[in-house]
Structure formats: C-alpha cells, structure tokens
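Asks: Quick one: the structure is below, and I'll ask about it shortly.
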C-alpha cells in the first residue's frame, strides 16, 4: 500500500479548491455561519445521505444533483437552521440558493450543492442567505486559513472545528485530499446533523468515487454515535476535480486501493473528531469488538455499547461498570456466548483486563478508574468466535448534554 | 365487558396471598431490601423474561420453574445486587435461596421463585440472604400494609413504590388481582431491571394464564422505556391461586376476556408508574400514534419517539421542539409520509396542534411551554394511513439521570 502522509489544512488542501465564510446572521449573531467551497475545475461528485424517512430539503436537492450526474463546482453551507420539515417553501429556497451562487460565481446552477444544519422546522431567511453568498464570492481563496475558517463557520453546538488533510502518490503523481465536518448532537449517522465535505484533486471516475465513498462510510461515519438520533440532514459530499493530473482511476487497481486508503484515513479522522466532540462530552469512547464471527456481528455489538445511555453515563463517572457493557452487547440482537467474553479497558493511562469468560477478574477499581479518566477511552471485547473485528466511536453522557438539549432552541 | 374496579392494595389484595419484607443489608444499609410473597394455596404461574442474551441467574431459575410447570407457592426478591454475570456460583445461589425459603415455609423447593435487581457482576452475600429469609417467614401476612412494605423493599433508584389492585366479577364470583413492580433505570423492557409481580385469586389454567400474560406485556411493559437499555433481569411473574372460587377458566370465553381486561389494567398502571418514575425524571412522557396502517407500525413509531434522547431532553426543557419528534419517527424504520403528519401536545394544561401535514402551524410557543410543563405530557401523532393506534410511555432526560448513573456503584 502507498504511504498516506498527514498534511496541514482541510477542504482547501487539494489543488484548485477554494473556500470562504461569512457571518450572515441566519440565526447565530456575531459569528460566521455560512461557508462556501469552490473548485476551479469541474468535479465528479459522490454523496451519501441520511436514511431518515424525514429528509431535509438540501438532502433532496443534493441527491438530485449528485445522482443526476451533473458536474459540481460549488457547495453552499449554512449553520443555525436545518431547512428540514419546511415543505415546498424549503425546496424552493434550495433552488434560490443555488441560483444566487451560480450567478455570483458564473457557474451552472446544477453545479451548486447546498447543505444546512441547525433547528428543524424553521424557514431560512432567504435575504440573508443571498447577502451571505454575495459577501463570500469575492472572498474565495485557497490556503489553510480559508479552509479552517469555513470549518468554523459550519459549527453548531460543536466546541472545536474539524478538519484533516493528507497527500499520497498515485504512480508518480502526488495527490491531495482534505475534508471538514461538523456534528455534535443528533449524531447517529446512518448515513447525522453530520455534515462532511471532502475534496481531492485526484482524477477518478464518478462511478468509482461513489463506490469508494459508499463503502467507506459504513466503517467510519456510520460507526459513530453521540445520542442515537439519526438526523434529517446527514450529508457527506466528496468532490474530485482531477487537477492533480494523475491518470484517471477507472478500475479497481492499485491506485484505487491507495485512494480508498486515503479516503478511509480522512473519513475515520473526521468521524472520530465528531464523536470526541459530541454534545457536552468529556471523552471519546471507543469500542472494539474482536474475535467475532462476521464483521456485521462485530459492528452490531460495538454500536450497541457506544449507544447505551447507562454505559455512557458510567464512562462520564470514570466507573468501570462493565456489567452495562455486557448488558448492551446482550440486547444488541447479535448472537454470542456471554460466558466466553473477555473485556479490557485501555487508554493513555494503561490497559487492564476486567472480565474473563463473562465473569469479573480480580481487578483494581482504582487502576480502572485511572484508565477511565483519560479523554480517549477504549473498551475491547473479545467474543472468541472467529476473526472478524469492528470499531465504533461514541462519547460519554454528561450534565452538559442534557443542558444543551433542554434549551437548544432558546 | 365487565367492570374493573380499582381497590386499595397491591400484591396481597387477592385472597390467600401474604407478603413480608426485611432489611437484610445486602448492599443498601438501613432500609428494607428483601421481600417475600407467599400463597396459602398452590398457584399456576406465568412469566415473561428479558430477551437480553445476557440473562441473570434468577431469570434462568424462574424460567425453569415457570415453564417446567411446577406449582408456585413463594417468591423471594432482593434489591441491591442483580445476580447477573455471576457464572455457576450465581446459579447455585438461586438454588440455595429457594432451598432456604422452602425449608422456612415448608413448601417444595421447586415452588419457590426468585428475583434480583441491582448491580451486575457482584455475588450475593448468601449468609445475609438466608438470614433475611428466616427473618421474613414469621412476618408473612395479608392486608395492605405488608404488600406496600414489600413494594418498598424491592426499590433501587425508584423514588416511589409502585402497586395497584382491582376487583372484578367472573360470573357471580368476585375476583381480585394486584401487583407491585420496581424499575427506574435500565428500563427498556423487551421482556428491565424491571421486576413486576402480579397475584390473583382467579382460577385459570396455566396455559391461558401464560397466553394472557405474554400477549399483554406487548402492549404494557414492552411499550415503556427510560433509557433504551434492556436489562439482564427483567421479569414479570403472574401467580393465580384459584382461591376466589370462580369456575376455572379453561377456554377463551367471556370470563377470559374480563380477566385479560383486568390484567391489562394492572400491567398498564404498573408500567406507567415505572415510566413516570424513571431515573431522574420530572415527567411521564406519553406518545400516541394514531391513524397507522398496522399496530406494529404504530408501536415502532411510538417507541422510537419515547427513546429519542433529544426529544426527552426537550421535554425536560419544556421545549416544543417538534422537529425532534418527527425526526425520531423518520429513523424508526416504519414507513409513513412525513408530509402528512399532524402532531398535537396534550396535558392537564390543555391541548394544541403543532404540526399540520408535516409543517408547523402558527402556534403559541408560550402555550406549548405551558402544556409541556406538566408532570404528564402526551404527544399525539396522526400519520393518516389507517385505523391502527399504539401508545408508548417514557420520561424526560434530566441532569439527575446522568448524576444517578455516573456514580451508581459508589
């Protein structure tokens, strides 16, 4: 496999991609709340979207554009209002947003993608959206700073902006890929309001771009959960403009494998950043299932543990309440023998076994608490059935999660 | 249908049933933590148990006894330690508990049922269990007071004891039925640590008793959730000793229908008491789905809403954040048209429509907040597809839920 090197930056790391942001005053006051991504050249695009039956207007808009096959040139994103459950009016606003962006950038209307995150059920203030677009168009530029500002502008209850970039070689050509995302509550992607935007200057066919993305989200975004609520707005967009100049990837060769490896690094990094910045959370909680019969079984077990409220509250309390972990595995629906399970806790403070064959070993509660007091805690459960593994990422359940969500709209 | 009249009392309301309780010091100090139920005559028994793959030792013990068909005479219950994930030792303790009870009461060992609730993974202190049994045996008596004390002794994080009783006629014979339960966290029964015990002096065949119970738990206990965690110890036991003297119910006749109606009243009342006393909660949150195509669809939609962390936090905040309700319906897996949904909020403070055809009506936020500030709040969603309905019961998500569960073991 090729070498994937982390580099500074995010959505503007790849050649030809520019970004801008502005404080449009959509709902937040005195902070940037709109971002724009622009590519100098036509992009092939791929997307994965929420599986919620209730789909926000921008999700419907993007599905049409991405699956319809039009070249993509720009993405307009706003934070504060989700444009979900907004009826026909909401759909019309997507068209107006795309139209305003197309006119401002002199690109076709069907090359503009849109994304929104925030409160469900409010209508967008179109005058401010349009003013924001006009403000951003002349500010578009490459370089790290504009990418980072865009990543900050799309935050809602996020406490940190989230971006990552890598470079790698396809043959003798150096290719770059970078991304940004937001997501802090209503995070249980099945394909949340999770929004993620990944750009690359790789040349790759639209078909393979979508295949690579669709496969990778299963092991990355779809393996995180903050609160078990699958949003109406979840969107991952992947744009490839080909400006790196590599031979176009049109088959599943070694170049495709390296591309997928890079994509997985970007997506997993962004997904972990989201889980680690879940609303109110104090720790990233990682659950690895090993020794499973099938990957699907391992995934079901891992996701059941990271979504258990009781387990999440115990992690907040630095309490090695392993019974809740075993309990959550037990109600997951996946088959295993509870009396064969071994369980370990790991963190930067060390590693220790807690359960052997379904029963507690004689462990030190003090050492366990010490391990569980780190900002990144991992539970590893071995079900001793086979060779399949899976990892899921969540966070602890805290007072602040409740506080944030008891008065989110006010 | 017959008339079902609520009467004072609980598990000792029916003829021939006695109860006792004691402070055995199993884990709690200075409060009763063991209870015993005894029937003067042999009972036919029915039971439903957790579907968690991880099953506590007392669940395995009771399944053997109930499904094996032995007559039941007594139930021994302890709070504080769940006797789950305790291996062979845990199973041996069930046998020793039954043995000690049988000896103290002079009944067959296989007529003794056991139930435990509390921390997973700790072993029971058998010396205290046995001392508790010897203390309770001479205290057994009928009457309201002993039933109420038993209901208090089985509490863990519960803030209120839970019991109910009714009487009704089968032909010319007056029959009584009463029950008690506990359950506050790890409540998401699929057939929590929910424990429920219902006694009746009706005469009914074992087969019909189990059928009546198995059917009714689907609409009662299985429609409540506090935190989405299905316990390893969930148990409902229903004992019928026939001492009312009605003609034995052996077919699905009118008497059976009345019996089922009474059983539903007892189970629904106990289930709502549990949901309304969920860990840390300030409100019982009821969700009714009407106009569904099938009852199964209505149930899936109702349960998805009551288990949504975001919706539960909004209820705590008295925030009419209806988008979260529609969102939770959308990811439930059940099919419906989001653009046809009507939504109403109801409570003792009034009733109001919030959504019509998937979009917000022009409602007063102040009035909505007023309705949502009551201790029992109902959301009614009409999906306009057919005539099926279902109701689920949950509670709000509060600071105290997190507090209770971040340091439960300490």
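Residue numbers (the numbering used here), protein chains in the order written: chain A, 330 to 739; chain B, 330 to 739. C-beta: ideal position from N, C-alpha, C; glycine also.
Among residues of its own chain, excluding the 5 on either side of residue 333 of chain B, which ones have a beta-carbon nearer than 7 Å to its beta-carbon?
Replies: Taking the first residue of the second chain as position 1, residue 333 of chain B is located at position 4. Once the five neighbours on either side are set aside, the close Cβ partners of residue 333 of chain B are 495, 497, 590, 591 and 594.
Asks: Since residue 482 of chain B and residue 361 of chain B are thought to touch, with beta carbons under 8 Å apart, how far apart are those beta carbons, to the nearest angstrom?
Replies: Within the second chain, the letter at position 153 stands for residue 482 of chain B. Within the second chain, the letter at position 32 stands for residue 361 of chain B. Right, their Cβ atoms sit about 4 Å apart.
Asks: Could you list which residues in chain B have their beta carbon closer than 9 Å to that of residue 378 of chain A, in chain order?
Replies: To locate residue 378 of chain A, count along the first chain from 1; it is residue 49. Those within 9 Å of residue 378 of chain A in chain B number zero; the least Cβ separation is about 13 Å.
Asks: Would residue 461 of chain B pass as a contact of residue 351 of chain B if the rule is Cβ separation under 7 Å?
Replies: Working through the second chain from its first residue, we reach residue 461 of chain B at position 132. Working through the second chain from its first residue, we reach residue 351 of chain B at position 22. Yes; because the gap between Cβ atoms is below 7 Å, this pair is in contact.
Asks: Short of 7 Å in beta carbon distance, which residues of its chain neighbour residue 377 of chain B, apart from the five on each side in sequence? Order them along the chain.
Replies: Here residue 377 of chain B refers to the residue found at position 48 when the second chain is read from its first residue. Within the same chain, residue 377 of chain B has close Cβ partners 520, 542, 543, 546 and 565.
Asks: Quick one, which of B:353, B:654 and B:391 has its alpha-carbon nearest residue 456 of chain B's?
Replies: Numbered from 1 along the second chain, position 127 holds the residue referred to as residue 456 of chain B. Checked all of B:353, B:654 and B:391; the closest Cα to residue 456 of chain B is B:353.
Asks: For a contact defined as C-beta to C-beta under 7 Å, what are the partners of residue 270 of chain A on chain B?
Replies: Because chain A spans 330 through 739 in this model, residue 270 of chain A falls outside it and cannot be assessed.
Asks: What are the boundary residues of the beta strand (DSSP E) that residue 499 of chain A is part of?
Replies: One-based indexing of the first chain puts residue 499 of chain A at position 170. Taken as a continuous stretch (DSSP letters only), the beta strand (DSSP E) holding residue 499 of chain A covers 491-499.
Asks: Below 6 Å CB to CB, which residues in the same chain sit around residue 364 of chain A once its five sequence neighbours on both sides are set aside?
Replies: On the first chain, position 35 is the one that residue 364 of chain A refers to. Result list for residue 364 of chain A: 350, 406, 479, 482 and 483, in chain order.
Asks: Can you tell me whether residue 414 of chain B is helix, strand or coil according to DSSP?
Replies: On the second chain, position 85 is the one that residue 414 of chain B refers to. It is coil, neither helix nor strand.
Asks: Compute the beta-carbon to beta-carbon distance between residue 670 of chain A and residue 712 of chain A, rounded to the nearest angstrom, for a pair I have assumed lies under 8 Å.
Replies: Reading the first chain from its first residue, position 341 is the one you call residue 670 of chain A. Reading the first chain from its first residue, position 383 is the one you call residue 712 of chain A. Going by Cβ atoms, the distance from residue 670 of chain A to residue 712 of chain A rounds to 6 Å, so yes, they are a contact pair.
Asks: Whose Cβ in chain B lies nearer than 8 Å to the Cβ of residue 381 of chain A?
Replies: Translated into the one-based positions of the first chain, residue 381 of chain A becomes position 52. The answer, in chain order, is 656, 659 and 660.
Asks: Between the alpha carbons of residue 506 of chain A and residue 727 of chain B, how many angstroms are there, rounded?
Replies: The residue labelled residue 506 of chain A in the question sits at position 177 within the first chain. The residue labelled residue 727 of chain B in the question sits at position 398 within the second chain. Near 42 Å, if we compare the C-alpha coordinates of residue 727 of chain B and residue 506 of chain A.
Asks: State the Cα-Cα distance for the pair residue 445 of chain A and residue 569 of chain A, rounded to the nearest angstrom.
Replies: Taking the first chain and counting its residues from 1, the one referred to as residue 445 of chain A is at position 116. Taking the first chain and counting its residues from 1, the one referred to as residue 569 of chain A is at position 240. If you take the alpha carbons of residue 445 of chain A and residue 569 of chain A, they lie about 21 Å apart.
Asks: CB residue 610 of chain B to CB residue 435 of chain B, shorter than 7 Å?
Replies: Position 281 of the second chain, counted from the first residue, corresponds to residue 610 of chain B. Position 106 of the second chain, counted from the first residue, corresponds to residue 435 of chain B. No, they are not a contact pair.
Asks: So residue 603 of chain B packs on residue 523 of chain B, CB below 8 Å; how close in whole Å?
Replies: As a working note, residue 603 of chain B is residue 274 in the second chain. As a working note, residue 523 of chain B is residue 194 in the second chain. Rounded, the Cβ-Cβ distance is 6 Å, consistent with contact.
Asks: Roughly how many angstroms lie between the CA atoms of residue 500 of chain B and residue 571 of chain B, to the nearest whole one?
Replies: Translated into the one-based positions of the second chain, residue 500 of chain B becomes position 171. Translated into the one-based positions of the second chain, residue 571 of chain B becomes position 242. Taking the straight line from one Cα to the other gives about 14 Å.
Asks: Can you list the residues of chain B that residue 560 of chain A reaches, using a CB-CB cut of under 9 Å?
Replies: Residue 560 of chain A sits at position 231 when you count from the first residue of the first chain. In chain order: 656 and 660.
Asks: Would you list the residues sitting across from residue 632 of chain B in a DSSP beta bridge?
Replies: Locating residue 632 of chain B in the second chain gives position 303, where the first residue counts as 1. DSSP lists no partner for residue 632 of chain B.
Asks: So residue 622 of chain A and residue 687 of chain A are in contact, right, with Cβ under 8 Å, and what is the actual spacing, rounded?
Replies: By one-based count along the first chain, residue 622 of chain A stands at place 293. By one-based count along the first chain, residue 687 of chain A stands at place 358. 17 Å between Cβ atoms; not a contact.
Asks: In chain order, what residues of the same chain have a beta carbon less than 8 Å from the beta carbon of residue 647 of chain B, not counting five sequence neighbours either side?
Replies: Taking the first residue of the second chain as 1, we reach residue 647 of chain B at position 318. For residue 647 of chain B, the CB contacts under 8 Å within the same chain, skipping 5 residues up- and downstream, are 698, 701 and 702 in chain order.
Asks: What does the alpha-carbon distance come out to for the pair residue 690 of chain A and residue 414 of chain B?
Replies: The sequence position of residue 690 of chain A within the first chain is 361, counting from 1. The sequence position of residue 414 of chain B within the second chain is 85, counting from 1. Here the alpha carbon of residue 690 of chain A sits roughly 12 Å from the alpha carbon of residue 414 of chain B.
Asks: Since I believe residue 652 of chain B is in contact with residue 450 of chain A (beta carbons under 8 Å), could you give me their beta-carbon distance rounded to a whole number of angstroms?
Replies: As a working mapping, residue 450 of chain A is identified with position 121 in the first chain. As a working mapping, residue 652 of chain B is identified with position 323 in the second chain. The pair is a contact, with the Cβ atoms about 4 Å apart (cut-off 8 Å).
Asks: Residue 324 of chain B touches chain A at which residues, Cβ-Cβ below 7 Å?
Replies: In the structure as shown, chain B starts at 330 and stops at 739, and residue 324 of chain B therefore has no counterpart that could be examined.
Asks: Apart from the five residues just before and just after residue 598 of chain B, which ones in its own chain have a Cβ nearer than 8 Å to its Cβ?
Replies: Residue 598 of chain B sits at position 269 when you count from the first residue of the second chain. Cβ neighbours of residue 598 of chain B beyond the five flanking positions: 493.
Asks: Can you pull the chain A residues whose beta carbon is under 8 Å from the beta carbon of residue 612 of chain B, in chain order?
Replies: As a first step, residue 612 of chain B must be located in the second chain, where it is residue number 283. Taking a Cβ-Cβ threshold of 8 Å, none of the residues of chain A is close to residue 612 of chain B; the smallest such distance is about 12 Å.
Asks: Flag this pair as yes or no: are the beta carbons of residue 490 of chain A and residue 613 of chain A separated by less than 7 Å?
Replies: Locating residue 490 of chain A in the first chain gives position 161, where the first residue counts as 1. Locating residue 613 of chain A in the first chain gives position 284, where the first residue counts as 1. Result no, Cβ atoms of residue 490 of chain A and residue 613 of chain A do not sit closer than 7 Å.
Asks: Residues of the segment 409-428 of chain A with a CB closer than 8 Å to any CB of chain B: list them in chain order, please.
Replies: 411, 413, 414, 415 and 416
Asks: Count the other CB atoms within 10 Å of the CB of residue 666 of chain B; is the residue buried (16 or more) or exposed (fewer)?
Replies: The count along the second chain starts at 1 and reaches residue 666 of chain B at position 337. Answer is exposed; the Cβ neighbour count stays below 16.
Asks: Any beta-carbon of chain B closer than 7 Å to the one on residue 652 of chain A?
Replies: Locating residue 652 of chain A in the first chain gives position 323, where the first residue counts as 1. Yes, its Cβ sits closer than 7 Å to a Cβ of chain B.
Asks: Starting from residue 617 of chain B, trace the beta strand (DSSP E) both ways and give me its first and last residue.
Replies: Counting from 1 along the second chain, the entry for residue 617 of chain B is found at position 288. Here the beta strand (DSSP E) through residue 617 of chain B covers 613-621.
Asks: Let me know the alpha helix (DSSP H) ranges lying completely inside the segment 552-600 of chain A, each 4 residues or longer, listed in chain order.
Replies: none
Asks: How many whole angstroms separate the CB atoms of residue 630 of chain A and residue 663 of chain A, which I take to be in contact at a CB cut-off of 8 Å?
Replies: For this step, residue 630 of chain A is matched to residue 301 along the first chain. For this step, residue 663 of chain A is matched to residue 334 along the first chain. Going by Cβ atoms, the distance from residue 630 of chain A to residue 663 of chain A rounds to 5 Å, so yes, they are a contact pair.
Asks: Can you tell me the Cα-Cα spacing of residue 605 of chain B and residue 554 of chain B, whole angstroms?
Replies: Sequence index remark: in the second chain, residue 605 of chain B carries index 276 (1-based). Sequence index remark: in the second chain, residue 554 of chain B carries index 225 (1-based). So the two alpha carbons sit approximately 10 Å from each other.
Asks: How would you list, in chain order, the residues of chain A whose beta-carbon sits under 8 Å from the beta-carbon of residue 665 of chain B?
Replies: Taking the second chain and counting its residues from 1, the one referred to as residue 665 of chain B is at position 336. Within chain A, the residues near residue 665 of chain B are 382.
Asks: Between residue 566 of chain B and chain A, is any beta-carbon pair separated by less than 7 Å?
Replies: Within the second chain, the letter at position 237 stands for residue 566 of chain B. Taking Cβ atoms only, chain A never reaches closer than 7 Å to residue 566 of chain B, which makes this a no.
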